[in-house]
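Engineer: Mind looking over this structure? Questions follow.
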Amino acid sequence: MFRVLRDLLRYDGRFRFAFILLAAVVVMVLLSFVSPYDPKKSFAVPMDMPPSLEHIFGTNSRGQDLFWWLTFAVRNSLFLGVMTAIISRVIAVLVGLTAGYRGGWLDRVLMSINDSFVVLPLLPILILLGLLLRDRMNLFFLAVILGLFGWPFDARLIRSQVLSLKERSFTRTAVHSGINGFWITINEHLPFVLPIVFATTINNMLWSIGMEVTLSVLGLSDLITPSLGTALYWANQHGALVARVWWWIAAPALVATVLFLGLYLFFASINEYIDPRTRLRLMGG
Amino acid sequence: MRRFILRYLIPRIIQFLTIIFVGITVTFIIPRLAPTDPVEAQVSMMIARGSSLDPQSIASMRAALTDLYGLSGGPVQQYFAFWGRLLRGDLGPSLANFPTPVSEMIGQAMPYTLSVLVTAVIISWIFGNLFGALSSYYPKNKALNVIEVLGQAVRPIPYYIVALVLLVVFAFFIPIFPFSGAYPVGIKPSWSLEFMWIYLKHSALPAATLVLVGFGGWFIGMKSLTSNIISEDYVVYAETAGLKENKILRHYIMRNALLPQLTGLAMSLGTVFSGALIMEVVFGFPGIGSLTMAAVFRNDYSMIMGIAIYSIIGVAVAVFLMDLIYPLFDPRVRYQ
Chain R
1 MFRVLRDLLR
11 YDGRFRFAFI
21 LLAAVVVMVL
31 LSFVSPYDPK
41 KSFAVPMDMP
51 PSLEHIFGTN
61 SRGQDLFWWL
71 TFAVRNSLFL
81 GVMTAIISRV
91 IAVLVGLTAG
101 YRGGWLDRVL
111 MSINDSFVVL
121 PLLPILILLG
131 LLLRDRMNLF
141 FLAVILGLFG
151 WPFDARLIRS
161 QVLSLKERSF
171 TRTAVHSGIN
181 GFWITINEHL
191 PFVLPIVFAT
201 TINNMLWSIG
211 MEVTLSVLGL
221 SDLITPSLGT
231 ALYWANQHGA
241 LVARVWWWIA
251 APALVATVLF
261 LGLYLFFASI
271 NEYIDPRTRL
281 RLMGG
Chain G
286 MRRFILRYLI
296 PRIIQFLTII
306 FVGITVTFII
316 PRLAPTDPVE
326 AQVSMMIARG
336 SSLDPQSIAS
346 MRAALTDLYG
356 LSGGPVQQYF
366 AFWGRLLRGD
376 LGPSLANFPT
386 PVSEMIGQAM
396 PYTLSVLVTA
406 VIISWIFGNL
416 FGALSSYYPK
426 NKALNVIEVL
436 GQAVRPIPYY
446 IVALVLLVVF
456 AFFIPIFPFS
466 GAYPVGIKPS
476 WSLEFMWIYL
486 KHSALPAATL
496 VLVGFGGWFI
506 GMKSLTSNII
516 SEDYVVYAET
526 AGLKENKILR
536 HYIMRNALLP
546 QLTGLAMSLG
556 TVFSGALIME
566 VVFGFPGIGS
576 LTMAAVFRND
586 YSMIMGIAIY
596 SIIGVAVAVF
606 LMDLIYPLFD
616 PRVRYQ
């Protein structure tokens, strides 16, 4: 684990950059635990102050310090991303392993449904769901819903890996030793698939955090809980741009950009590292 | 030809029907999972808002809603009734603009979304692939490297934030593009050249958002595809045979990498469509996205339902059409 980290830091400039960005995000998350302000309280500080030394990102029209408010927003958005990723990973791994190992008609049916989910425009469906659940929505519930929709692409990826693992001799040994199919996939195939599962986890977090931003901007999430999406929602509600309180929009946009770029570069770098061919090219070996 | 139909066409048609089946079934199930009765919630909200509706139209609205969600009869019966109405093209009236049919309003908004979406998708696909291939063929080119870094930097950021930044920069700080809408208030849409120009100026920023976010993905996809092809024997042979670089790049490398990218395009249509909706919200562009936004604010369930169903069918049809033109690019499918 540490060797991987060391290698990546030494050989991949992108990873170094991602590391810095994500470190900044983690610092923000940690700072949220020692925040001097309660994010649910408004009018704790003067309104509409531009960024200054005292208030790094300025304050908004609801009298909240944007920096400290955003520390909670980042924490919640990350929580949502991780939750969604865990739920959808479980489904993706199960579907991918089963479809790949069993093959035949089960594979065809699962992949057919899978491909439909890949292609379907999810946003209108999620909006419909959000509208029906408007008053009951909270962050955890949203994570569950996104988790239920976020698996298909990765299930296909995992399946394609299992298809090749199935042909290896150790699978045949296991079959002839009388191990049941489910345990072969879990004990023998899953370890090979795990690196990809890890890489897709990050990608899935990008997707779900972005989806939260989208749904919140439309007012379809739990608007009281701070998150990157609700930050933009409240700024829009108060007409931040028209009132020339540009930092109210700029601050969450900046933090979101740091988070998304960090996660994306991290994903891209890990993805290349997992593939031995690109890893060798990376390290000049 | 018979083989082509059996091996290629029939599976695609089955997949096309599966997409629609899965999508419509999901839209059917969702209102039934909701803990509240959507009909009563909707009706009481309309009454609470004090909208001036006489008892008769409330009753007809309740009937329309019950009908819309297909809430009469047992689950199986409901499911078939739901399909029956869809096949007749009847999506019910809009609740916020009662009794205008949902289909009519979606029909009016559709051309705006489609024109920007199709243009932007084609531009980003072509340029992403072109620059991606060039960048892997000429890895030392500085300009291409800069383009790659920029494209990759924009790619992960949500549509909403990219659109917002473009809007603030190019309509607010440097006002070279109009702030919102597809045409100024007071001008009627027509097919005149003058209107076209106005429309072009208004849709430039929305389209640019979609192009910018999409570009990076096609770029990196093409780059990794071509970097594998470049080391193939036939490319090395073509190089030693002294073929022109241009010809190698176009006919030996890009042509082969285009096929997976075409499949990728079909796979990404749903996501791009969702992105277009959000882009419209930011730019106040009068397409499906703005219609969605208005429906969300006014709790217009039937409109959202209609939009969901139309977008599912629209995306499925688009994917199917792409499958149909795929053989034109891939001779292996044609001569199978």
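First to last, the sequence lines map onto chains R and G.
For the record, in the first sequence the residue sitting at position 28 is 28 according to my numbering, with numbers rising by one throughout.
Throughout, my numbering is defined as the position within the second sequence, counted from one, plus 285.
C-beta: ideal position from N, C-alpha, C; glycine also.
Note that this is a predicted model, so its numbers are computed, not measured.
Beta-carbon of ALA253/R versus every beta-carbon of chain G: anything under 7 Å?
Structural biologist: Output row for ALA253/R: interface = yes.
Engineer: Do the segment 407–424 of chain G and the segment 499–513 of chain G make contact, defined as three or more Cβ pairs closer than 8 Å?
Structural biologist: Yes, the segment 407–424 of chain G is in contact with the segment 499–513 of chain G.
Engineer: Can the beta-carbon of LEU419/G be found closer than 7 Å to that of LEU435/G?
Structural biologist: Cβ distance not < 7 Å, so LEU419/G and LEU435/G don't count as in contact.
Engineer: Beta-carbon within less than 8 Å of THR214/R's beta-carbon, same chain only, minus the 5 sequence neighbours each way: which residues are those?
Structural biologist: These residues qualify, in order along the chain: LEU123, GLY229.
Engineer: For the segment 417–453 of chain G, list the alpha helix (DSSP H) runs that are entirely contained and at least 4 residues long, ordered along the chain.
Structural biologist: With a minimum length of 4 residues, the continuous alpha helix (DSSP H) runs that stay inside the segment 417–453 of chain G are 427–439, 444–452.
Engineer: Do you know offhand how far ALA344/G's Cα is from ASP615/G's?
Structural biologist: One C-alpha to the other measures close to 57 Å.
Engineer: For ASP65/R, name the three-state secondary structure that DSSP assigns.
Structural biologist: Reduced to three states, the DSSP call for ASP65/R is strand.
Engineer: Mapping DSSP to helix, strand and coil, what is PRO152/R?
Structural biologist: Residue state, collapsed to three classes: helix.
Engineer: Can you tell which of VAL197/R, ALA99/R, LEU128/R, LEU120/R has its C-alpha closest to the C-alpha of SER553/G?
Structural biologist: That would be LEU120/R, whose Cα lies nearest to the Cα of SER553/G.
Engineer: Could you name the residues of the same chain whose beta carbon sits closer than 7 Å to that of ALA493/G, not counting the 5 residues immediately before and after it, in chain order?
Structural biologist: Excluding positions up to five away in sequence, the list reads LEU451.
Engineer: Could you tell me the boundaries of the alpha helix (DSSP H) in which ARG370/G lies?
Structural biologist: Unbroken alpha helix (DSSP H) run through ARG370/G: 360–372.
Engineer: At the 7 Å Cβ level, is GLY178/R part of the contact set with chain G, yes or no?
Structural biologist: So, not an interface residue.
Engineer: Quick one: what's THR59/R bridged to in DSSP?
Structural biologist: Partner(s): ASP65/R.
Engineer: Can you give me the start and stop residues for the alpha helix (DSSP H) that PRO316/G sits inside?
Structural biologist: Taken as a continuous stretch (DSSP letters only), the alpha helix (DSSP H) holding PRO316/G covers 295–318.
Engineer: Between the segment 186–207 of chain R and chain G, which residues of the former have CB atoms less than 7 Å from a CB of the latter, in chain order?
Structural biologist: Hits within the stretch, in order: LEU206.
Engineer: Output the distance between the C-alpha atoms of LEU380/G and ALA23/R, rounded to the nearest integer angstrom.
Structural biologist: Distance between the alpha carbons of LEU380/G and ALA23/R is about 48 Å.
Engineer: Using C-beta distances below 7 Å, list every residue in its chain close to ARG75/R, excluding the 5 sequence neighbours before and after it, in chain order.
Structural biologist: Closer than 7 Å at the Cβ level, and outside the excluded window around ARG75/R, lie VAL29, SER32.
Engineer: Flag this pair as yes or no: are the beta carbons of ILE224/R and VAL193/R separated by less than 7 Å?
Structural biologist: Not closer than 7 Å, so no.
Engineer: Could you spell out the range, first to last residue, of the alpha helix (DSSP H) harbouring ASN513/G?
Structural biologist: Taken as a continuous stretch (DSSP letters only), the alpha helix (DSSP H) holding ASN513/G covers 478–515.
Engineer: Verify the CB distance criterion: does SER61/R have a CB-CB separation below 7 Å to chain G?
Structural biologist: Output row for SER61/R: interface = no.
Engineer: Does the distance from the C-beta atom of LEU110/R to that of SER221/R stay below 7 Å?
Structural biologist: Not closer than 7 Å, so no.
Engineer: Could you name the residues of chain R that ALA304/G contacts, counting a contact when the two beta carbons are closer than 8 Å?
Structural biologist: According to the sequence displayed, residue 304/G carries Ile and not Ala. Under the 8 Å cutoff, chain R gives ASP115, SER116, VAL119, LEU120.
Engineer: For the alpha helix (DSSP H) holding ASP585/G, just list the boundary residues, first then last.
Structural biologist: Looking at the DSSP string, ASP585/G is not in any alpha helix (DSSP H), and its letter there is neither H nor E.
Engineer: Using a Cβ-Cβ distance cut-off of 7 Å, determine whether PHE57/R contacts chain G.
Structural biologist: Cβ-Cβ to chain G under 7 Å: no for PHE57/R.
Engineer: Roughly how many angstroms lie between the CA atoms of MET390/G and ILE594/G, to the nearest whole one?
Structural biologist: Going by the C-alpha atoms only, they are around 14 Å apart.
Engineer: Confirm, please, whether the CB-CB distance from VAL361/G to ARG347/G is below 7 Å.
Structural biologist: Not closer than 7 Å, so no.
Engineer: Excluding five sequence neighbours on each side, which residues of the same chain lie with their C-beta closer than 8 Å to the C-beta of ARG62/R?
Structural biologist: Result list for ARG62/R: SER42, PHE43, MET47, TRP234, HIS238, in chain order.
Engineer: Answer yes if the segment 143–150 of chain R comes into contact with the segment 81–88 of chain R, meaning at least three C-beta pairs across the two stretches below 8 Å, and no otherwise.
Structural biologist: Output reads yes: the segment 143–150 of chain R touches the segment 81–88 of chain R.
Engineer: If you draw a straight line from the C-alpha of ALA561/G to the C-alpha of ILE184/R, how long is it?
Structural biologist: Roughly 44 Å between the two C-alpha positions.
Engineer: With 16 as the cutoff for other CB atoms within 10 Å, does VAL496/G come out buried or exposed?
Structural biologist: With 16 or more other Cβ atoms within 10 Å, it is buried.
Engineer: Look at ASP12/R and SER269/R and say whether their C-beta atoms are less than 7 Å apart.
Structural biologist: Yes. Within cutoff.
Engineer: Among residues of its own chain, excluding the 5 on either side of MET539/G, which ones have a beta-carbon nearer than 6 Å to its beta-carbon?
Structural biologist: Only ALA418 meet the Cβ criterion.
Engineer: Among PHE365/G, ILE298/G, LEU550/G, whose alpha-carbon lies nearest the alpha-carbon of ILE407/G?
Structural biologist: Closest option to ILE407/G, Cα to Cα, is LEU550/G.
Engineer: Quick check on DSSP: helix, strand or coil for PRO195/R?
Structural biologist: Of the three classes helix, strand and coil, the one that applies to PRO195/R here is helix, per DSSP.
Engineer: Closest to GLY308/G by C-alpha separation, out of PHE117/R, ILE249/R, HIS55/R, PHE182/R, would be which residue?
Structural biologist: Checking every option, the nearest Cα to that of GLY308/G belongs to PHE117/R.
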